[in-house]
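This report concerns only the one structure given below.
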Amino acid sequence: MAKSESPDIEVGKMYFRYADHFPGRISSMCMLSSVVKAIEEKLTKRQLSMFKKDIFGHFLECRSFPFSGVILHNLLLRQVAHEEDSREDQLWFQIGKHLIRLSIVEWCLVTGL
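For the sequence shown, my numbering gives the first residue as 58, with consecutive numbering after it.
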């Protein structure tokens, strides 16, 4: 939820109450195998070797991308307000009894950037 759109919500409360949860469908049309094939075809052997050593090199190992729109939708429904919510580079989620932060730090750890 964009900060400009978010109403004043008490810290620790979900943006969407359970009663307001709604069914949704999120899909991905990513053709990762086509992208990998195009990269491999366009680069010379030397360039491909350099690319593999780069931070994006691990993408060449991904021929398919398992994606779960249901998991993503349910995660987004569990976004909560947090005292550090004024920071634009992070999101907070309530999963069970756990408060989970997703910031640029966690994103870099997961993606290897």
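Note that CB positions come from ideal geometry on N, CA and C, so glycine has one too.
Note to self: Less than 8 Å between the C-beta atoms of LEU159 and LEU148, yes or no?
What the structure shows: Translated into positions along the sequence shown, residue 159 becomes position 102. Translated into positions along the sequence shown, residue 148 becomes position 91. Going by C-beta atoms, LEU159 is nearer than 8 Å to LEU148.
Next item on the list: Assess, as a yes-or-no matter, whether the region 100 to 110 is touched by the region 131 to 138 under the definition of 3 or more beta carbon pairs within less than 8 Å.
Entry: The region 131 to 138 and the region 100 to 110 do not touch, with fewer than 3 CB-CB distances between them shorter than 8 Å.
Check: In whole angstroms, what is the alpha-carbon distance linking SER121 and LYS154?
Finding: Taking the first residue of the sequence shown as 1, we reach residue 121 at position 64. Taking the first residue of the sequence shown as 1, we reach residue 154 at position 97. Answer to the nearest angstrom: the Cα atoms are 33 Å apart.
Item checked: Secondary structure of SER61, DSSP reduced to three states -> Residue 61 sits at position 4 when you count from the first residue of the sequence shown. With a pLDDT of 42 at SER61, under the threshold of 50, the modelled position of this residue cannot be trusted; read the value that follows with caution. SER61 falls in the coil class under three-state DSSP.
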